[in-house]
Ligand SMILES: [Zn+2]
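The following block contains the structure:
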């Protein structure tokens with residue numbers, strides 16, 4: 011894994027248009043060790059060297075939903091997780107939640123063990139400047155059998171009381187950061203309350219909920235809605251469903267797969283108007299086929315095929331995406347008309363805050379020095395993780 015301190019310096023500066031307070035304004039950051047120690051706006055004055063000049067500087071991107079990429083799948087293999095972490099900075103990602111679709115309790119446990127192995131102190135030097143993995147996103151298995159998407163329906167049907175034992179173990183191991191569930195499943199509301207009390211964010215998703223059932227899930231503590239519009243009850247004017255609750259209830263933010271395939275541009279615009287920048291999270295929902303050639307891959311043990319543009323199960327169902335988060339930022343700008351600064355926040359500030367990562371997601375003094383230096387046409391030029399250069403064109 012390539013790890014590099016900028017010219018071996020412990021203190022350096024970065025200039026460009028900085029994402030500060032929701033706006034892009036010319037300025038400079040001073041980084042010392044793994045932290046931002048100064049954020050200057052306007053005339054930057056004298057700066058420590060080396061100095062890195064970029065067009066745009068944003069916080070590192072935070073992907074709340076990543077099943078894999080570069081031919082690697084999130085699974086029971088710690089080495090694959092580390093390899094994924096080392097590749098993602100090329101897409102601007104500095105933090106991600108390895109995401110596991112509906113599976114058996116045994117496999118969830120195995121992935122949690124792999125995560126522990128991937129971030130263990132004994133190998134942390136090996137992780138170098140790879141993207142950070144602050145916990146898993148369990149997407150399932152307590153989902154609607156009517157909205158399985160590309161998940162294994164057997165794993166969804168089998169979610170029962172044994173689920174609690176597994177959740178308890180993963181909570182005790184501090185392995186969870188986000189859980190997606192369907193609020194209308196029996197026992198879902200109690201589980202939302204338990205997870206939230208334990209400091210884990212809960213998202214509603216893969217749900218056939220009525221408007222009222224979705225509201226009950228939000229009342230219980232859910233603060234996110236997973237891939238809005240995809241795999242959920244749609245908006246009917248007399249039965250507004252999960253989409254109606256997600257769009258109108260300010261207590262939840264919504265994640266979007268902005269690849270131009272999963273969600274029509276008009277639906278992205280609708281989400282932006284209804285939720286505003288502060289309540290939209292761009293995710294990739296990437297599978298192993300992302301950043302990899304067209305061909306056959308797997309998702310949660312099921313076969314999927316990528317044509318290079320998108321990934322599908324054999325029956326044609328969309329199976330995750332081949333999106334990368336830097337592309338999602340550009341697509342959100344292009345398709346929804348979002349401002350660049352807003353799309354950048356949707357991929358950094360908003361997701362970090364929604365899962366309680368208070369030490370990253372903004373360019374404030376004291377924050378982790380997780381940064382993306384962008385070119386004028388919004389391509390990733392350099393990615394810095396914890397003060398170290400993790401990727402450079
Ligand atoms: Zn999904």
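In this note's numbering, the protein residues as written are 11 to 403.
Backbone N, C-alpha and C define an ideal beta-carbon position, used for all residues, glycine too.
This structure is a prediction, so every number in the text was calculated from the model and none was measured.
| said: Given 7 Å as the limit, tell me if residue 149 has its C-beta closer than that to any heavy atom belonging to ligand 1. | reply: yes
| task | Reducing DSSP to helix, strand and coil, say where residue 117 ends up. | result | helix
| request: Take every Cβ of the region 146–162, pair it with every Cβ of the region 92–99, and state whether three or more of those distances are shorter than 8 Å. | output: no
| task | Report yes if the C-beta of residue 165 is less than 7 Å from at least one heavy atom of ligand 1; otherwise report no. | result | no
| query | Around the Cβ of residue 312, are there at least 16 other Cβ atoms within 10 angstroms (buried) or fewer (exposed)? | reply | exposed
| Mind pulling the beta strand (DSSP E) runs of 3 or more residues that sit fully within the region 127–204? | 146–149 and 186–191
| Excluding sequence positions up to five away, which residues of its chain have a Cβ less than 8 Å from the Cβ of residue 240? | 159, 267, 272, 273 and 328
| said: At a threshold of 7 Å, does residue 247 count as lining ligand 1 (C-beta to nearest heavy atom)? | reply: no
| task | Using the Cα positions of residue 166 and residue 148, report the straight-line distance between them to the nearest angstrom. | result | 12 Å
| field | Three-state secondary structure assigned by DSSP to residue 11 | value | In this prediction, residue 11 scores a pLDDT of 35, lower than 50, which makes its location untrustworthy; the coordinate-derived value is nonetheless stated afterwards. Coil at residue 11, not helix or strand.
| Is the number of C-beta pairs between the region 331–345 and the region 354–364 that are closer than 8 Å three or more? | yes
| task | Could you tell me if the beta carbon of residue 241 falls within a distance shorter than 7 Å of some heavy atom in ligand 1? | result | yes
| said: Going by DSSP in three states, residue 17 sits in which element: helix, strand or coil? | reply: Here residue 17 scores only 47 on pLDDT, less than 50, and its place in the model is too uncertain to base an answer on.
| Start and end residues, alpha helix (DSSP H) containing residue 68 | Per DSSP, residue 68 belongs to no alpha helix (DSSP H); it is in the beta strand (DSSP E), 61–69.
| request: Return yes when at least one heavy atom of ligand 1 lies under 7 Å from the C-beta of residue 295, else no. | output: yes
| What span of residues does the alpha helix (DSSP H) with residue 231 cover, start to end? | First-last for residue 231: undefined, no H or E at that position.
| request: Assign residue 247 to one of two classes, buried (16 or more other C-beta atoms within 10 Å of its C-beta) or exposed (fewer than that). | output: exposed
| Which residue or residues does DSSP assign as beta-bridge partners of residue 26? | 37
| query | Taking DSSP as the reference, what is the three-state secondary structure of residue 239? | reply | coil
| request: Report buried or exposed for residue 69, applying the criterion of at least 16 other Cβ atoms within 10 angstroms of its Cβ. | output: buried
| said: Using the three-state DSSP reduction, which class does residue 375 fall into: helix, strand or coil? | reply: coil
| field | Cβ shell of residue 379 (< 7 Å), same chain only, five flanking positions each side left out | value | 41, 44, 45, 46, 394, 396 and 397
| What is the DSSP secondary structure of residue 211, counted as helix, strand or coil? | strand
| query | Going along the chain, which residues of its own chain have a beta-carbon closer than 6 Å to the beta-carbon of residue 140, five neighbours each way excluded? | reply | 95 and 96
| query | Is there at least one non-hydrogen atom of ligand 1 closer than 7 Å to the beta-carbon of residue 159? | reply | yes
| task | Return yes when the C-beta of residue 215 is under 7 Å from any heavy atom of ligand 1, and no when it is not. | result | yes
| task | With distances taken Cα to Cα, identify the nearest neighbour of residue 172 among 216, 30, 113 and 303. | result | 113
| said: Quick check on DSSP: helix, strand or coil for residue 265? | reply: strand
| task | Report yes if the CB atom of residue 263 is closer than 8 Å to the CB atom of residue 283, and no otherwise. | result | no
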